[in-house]
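In the order they appear, the protein sequences are chains A and B. Position one of the first sequence corresponds to residue 722 (the working numbering), numbered consecutively onward. Position one of the second sequence corresponds to residue 4 (the working numbering), numbered consecutively onward. Even for Gly, the Cβ is constructed at its ideal location relative to N, Cα and C. Only one structure is covered here, and it is reproduced in the block below.
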Amino acid sequence: MSGLGPLFREEHEAYRDAARRFVEREINPHAERWEKERDYPRELFARVGEAGLFGAKFDQSWGGTGPDYVAEAVWVEEASRSLSFGVANDLGAHSQLASLYIDRFGNDDLKERYLRPSISGVLLGALAVTEPAAGSDVNGIRTRARQDGNQWVINGSKVFITNGSWADYVVVAARTADDPGHDKLTLFVVDVTSDGFVAIRMKMIAWHTSHTGELFFTNVRVPDENRIGEVGSGFRHIMTNFQWERVVLSLSGLALAERSLQTAIAYARERKAFGRPVISFQVWQHRFADLAVRIRTGKALAYRALRLHVAAEEGQDVGRDELVRVTSMAKLFSQRLAWQVADECVQVHGGSGALMEFPAQRFWRDARVGPIGGGTDDIMRNVIAGTMGLG
Amino acid sequence: MNLSPFTEEHELLRKTVREWLEGEVVAHLGRWEEEGHLPDEVFRRAGQLGFLGLAYPESAGGHGGDYWAHVVFLEELGRVSQALAMALSVQVDMSTPPILEFGTTQQVERWLRPALRGELIGAIGISEPDTGSDVASIRTRARRDGDEWILNGSKMFITNGLRADFITTVVRTGPPLEANPWSGISMFIVDTSLPGFEVSKSLEKSGMKMSDTALLFMDDMRLPADSLLGVEGEGFKQIMWELQGERLAVSVFGVEGAHAVLSEAIAYAKQREAFGRPIGHFQALAHRLVDMATEVEAVRALVYECCDLWNRGIYATEEVAMVKLAVGQLGARVSDEALQTFGGAGLTEGSYIAREWLGMRIGRIGGGSDEVQRQILAKIMGIS
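This is the structure in structure tokens:
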């Protein structure tokens, strides 16, 4: 059959309804208070788990309902449309990073101990790759794991670890040999109750509800059974998961952009200037139309990236360069756009755009993380250039 | 998971279209552009080869293919020349679809079949010297005289207008009602061989020169009764229907045109050296080309989503306006960055990049300007 055919099926629309109802019941009514308090109850994770919303991309044998990455994309969109982007990012770091690493690269023992309770939301996870001196340049990681009998001893530190300041376990990328090289990184699951582990919550201008952490490891002992995959396989695993991560970031950025545009239009209808609603001025109508086109365009690209990811998961040969190129393009396009839309949302609010009592400034601050987190815009451009034989 | 909308058959078709273009067309494009004239023979050959009726039903002389077959044809045209694509798309996507949709069997036989064979050339007549997308303001009038209609007025910016055998035209046949300014408009198939029809002027344009554009004048032109297309007074609705297919088609060859100029620029950036290395290895240029490639990839994804809706028979007014706006802007922007990449070579008259840069600016104006698309979208979004 020719043509693309719809991406979302009927069951996905039902899942979307359920996800949206959950967000409207469990997150949105509390969002303003949580943002003000810069905190929210950990129990939210268990609520998400009970509702089955952590399970779409995971196999039923571990408590999931999938694997169905299209359904997972639906959840990502709905969670990111919530009124608290920081909460959405904590949930995302737990599920799209920590849990998924264990699902994809861990053995059954690790899955039993960490994945199953992650899907039910009773155990919180985080992924720790970035360090003070190494971000997207993963090879520059200095955190060191030395083998000592049946254990590993980890020393070093990590920064900007989303969900990291209150996680129960952290998937840590550490160097397992002194010399540099792609094959010298290994992943470990570190229990945060281990001696020598300290997590401090970082104070950021954005994502106020998020529990972004700075992590310190001083002679932290990890049993060898908490090693994920072979020694030296860490870099490969990180690179593999980047593609899905970029799809997720694209979808979440676009959801935030939609929320910002919706908020901007609603305000423009209410607010009067020169005796008429701001929305009646043609420049704002056309600006909003332009933004709507950009969002829809970004979605088409993100959905194309999602199709590629799903096809690859189904075992189709989509070509690694093609997957990397399109997912990176989607991330670049969407995150930059989210901030632009949020900026226009602030602009239409005039002076109120700077007031903390309006959500516009929050969307704007939260969206600013996008072109930095998960690989900056310029890193995306470098990656894409590489797939095109440029640079 | 379906990644490509095209089947193996489509790819075979693509190969055939490409062979024709490379064998009989591409070598002459520079000269045709310089002379400002695309030979009628190109229409005929495209018709003979079956390319003009790919997605038309067999009962009307077409090949009964799906929309994606036609997308293949439009993409291949857009890849080599926006002007060529425009001329042939006016034939297939603008002047003829209303005949299939609203015409009688006789009209299909007399105009559509020969048009799909490339033996008759068609044009679409909407714009006038004083009005464009504001269709309700057209002044060209047809009044009944017994069995016939008498047509008076002029039409402006008419692609294929110098050589058209027929013009699918919107005219006023009655006064607008106060409650409905869009009433009183009808469509006609104007036979240009009849007395009273005159090409007032061949319009010289900055780009797409080989695709002729004319100012037409109709002076007491007598049209037989069977010139009326569709229902009297329903012309506004009919032409709004036509515009959807038109806008989608120009978007399809427009996005491929943007992709093609960017590909040329990237190839050039890899080969042209400055300060001892290929210019594409300078990060600033590499990143700019990446940004353009990202835009092309995103807009094409949107165009394909829209084509998919169209192919499934979904009348997607919002998406069509979106792709029209997005592609118009894309073409102008990407071709400009491509021109910049070529440096002085891009300014050379007759070069591919210069020709397409000149042509792509038209994408933001023709078929409803950027501003008109935004206005349509604002209305659909409920904010105007």
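According to DSSP, which residues form a beta bridge with residue i?
i: residue 237 of chain B; result: B:188
i: residue 998 of chain A; result: A:993
i: residue 219 of chain B; result: B:158, B:202
i: residue 276 of chain B; result: B:281
i: residue 172 of chain B; result: B:128, B:191
i: residue 134 of chain B; result: B:131
i: residue 944 of chain A; result: A:872
i: residue 919 of chain A; result: A:937
i: residue 787 of chain A; result: A:780
i: residue 232 of chain B; result: B:190
i: residue 152 of chain B; result: B:147, B:226
i: residue 867 of chain A; result: A:874
i: residue 852 of chain A; result: A:855
i: residue 949 of chain A; result: A:908
Taking residue i as the query, report the chain A residues whose CB atoms sit under 7 Å from its CB, ordered along the chain.
i: residue 328 of chain B; result: 1014
i: residue 307 of chain B; result: 725
i: residue 325 of chain B; result: 1014, 1017
i: residue 389 of chain B; result: Here chain B has residues from 4 to 387 only, and residue 389 of chain B is not among them.
i: residue 289 of chain B; result: 1106, 1111, 1112
What are the start and end residues of the beta strand (DSSP E) that includes residue i?
i: residue 163 of chain B; result: It is not in any beta strand (DSSP E) - residue 163 of chain B carries neither H nor E in the DSSP assignment.
i: residue 849 of chain A; result: 846–849
i: residue 872 of chain A; result: 872–882
i: residue 906 of chain A; result: 906–912
i: residue 148 of chain B; result: 144–148
Who are the neighbours of residue i on chain B, taking C-beta pairs under 9 Å?
i: residue 875 of chain A; result: Simply none; closest approach about 36 Å.
i: residue 1029 of chain A; result: 4, 6
i: residue 1032 of chain A; result: 4, 5, 6
Going by C-alpha distance, which of the options is nearest residue i?
i: residue 879 of chain A; options: A:803, A:919, A:1058; result: A:919
i: residue 57 of chain B; options: B:303, B:96, B:201; result: B:96
i: residue 202 of chain B; options: B:177, B:174, B:157, B:191; result: B:157
i: residue 798 of chain A; options: A:821, A:814, A:737, A:768; result: A:737
i: residue 226 of chain B; options: B:328, B:145, B:11, B:269; result: B:145
i: residue 868 of chain A; options: A:1028, A:741, A:947, A:732; result: A:947
i: residue 60 of chain B; options: B:51, B:52, B:70; result: B:70
i: residue 105 of chain B; options: B:295, B:243, B:233, B:255; result: B:233
i: residue 28 of chain B; options: B:143, B:192, B:335, B:86; result: B:86
i: residue 742 of chain A; options: A:774, A:1093, A:807, A:723; result: A:774
i: residue 859 of chain A; options: A:844, A:811, A:959, A:1071; result: A:959
i: residue 771 of chain A; options: A:837, A:1017, A:883; result: A:837
Hey, could you find the ends of the alpha helix (DSSP H) residue i is sitting in?
i: residue 838 of chain A; result: 837–840
i: residue 92 of chain B; result: 85–92
i: residue 1092 of chain A; result: Looking at the DSSP string, residue 1092 of chain A is not in any alpha helix (DSSP H), and its letter there is neither H nor E.
i: residue 894 of chain A; result: Counting along the chain, residue 894 of chain A falls outside any alpha helix (DSSP H), though it belongs to the beta strand (DSSP E) covering 890–896.
i: residue 20 of chain B; result: 11–23
i: residue 729 of chain A; result: Counting along the chain, residue 729 of chain A falls outside any alpha helix (DSSP H), and DSSP gives it neither H nor E.
i: residue 376 of chain B; result: 373–383
i: residue 95 of chain B; result: That residue, residue 95 of chain B, is in no alpha helix (DSSP H); it is neither H nor E in DSSP.
Name the chain A residues that come within less than 9 Å of residue i, Cβ to Cβ?
i: residue 269 of chain B; result: 1109, 1110, 1111
i: residue 302 of chain B; result: 1018, 1021, 1022
i: residue 256 of chain B; result: Ordered by position in chain A, no residue passes the 9 Å Cβ test against residue 256 of chain B, which lies about 18 Å from the chain.
i: residue 69 of chain B; result: 723, 724
List the residues of chain B whose Cβ lies closer than 7 Å to the Cβ of residue i, in chain order.
i: residue 1035 of chain A; result: 4
i: residue 1053 of chain A; result: 297
Interface residues of chain B around residue i at Cβ under 8 Å?
i: residue 1105 of chain A; result: 293, 296, 297
i: residue 960 of chain A; result: Within chain B, no residue comes near residue 960 of chain A; the closest Cβ sits about 19 Å away, beyond 8 Å.
i: residue 1039 of chain A; result: 6
i: residue 1047 of chain A; result: 300
Name, please, each residue of chain A whose Cβ falls closer than 8 Å to the Cβ of residue i.
i: residue 315 of chain B; result: 724
i: residue 273 of chain B; result: 1110, 1111
i: residue 73 of chain B; result: Ordered by position in chain A, no residue passes the 8 Å Cβ test against residue 73 of chain B, which lies about 12 Å from the chain.
| Meets three-Cβ-pair contact criterion under 8 Å: the region 947–967 of chain A and the region 1047–1063 of chain A | yes
| said: When you compare the region 882–899 of chain A with the region 942–962 of chain A, are there three or more beta-carbon pairs, one atom per stretch, that lie closer than 8 Å? | reply: yes
| message | Could you check whether the region 1016–1024 of chain A touches the region 929–942 of chain A, counting it as contact only if at least three pairs of C-beta atoms, one from each stretch, sit closer than 8 Å? | response | no
| message | For the pair the region 766–785 of chain A and the region 909–925 of chain A, tell me if three or more CB-CB distances fall below 8 Å. | response | no
| How do the region 70–83 of chain B and the region 115–134 of chain B stand: do at least 3 beta-carbon pairs fall below 8 Å, yes or no? | no
| For the 8 Å Cβ check, are there 3 or more pairs between the region 155–170 of chain B and the region 129–144 of chain B? | yes
| query | Quick check: the region 169–183 of chain B against the region 6–18 of chain B, are there 3 or more CB pairs under 8 Å? | reply | Counting Cβ pairs under 8 Å, fewer than three are found: no touch.
| field | Segment contact, 8 Å Cβ cut-off, at least three pairs: the region 1103–1111 of chain A with the region 1079–1087 of chain A | value | Result no; under three Cβ-Cβ pairs closer than 8 Å.
| task | Assess, as a yes-or-no matter, whether the region 975–985 of chain A is touched by the region 263–276 of chain B under the definition of 3 or more beta carbon pairs within less than 8 Å. | result | no
| said: Any contact between the region 204–212 of chain B and the region 237–257 of chain B? By contact I mean 3 or more CB pairs, one from each, below 8 Å. | reply: no
| query | Can at least three beta-carbon pairs, one atom from the region 327–336 of chain B and one from the region 183–191 of chain B, be found at a separation below 8 Å? | reply | no
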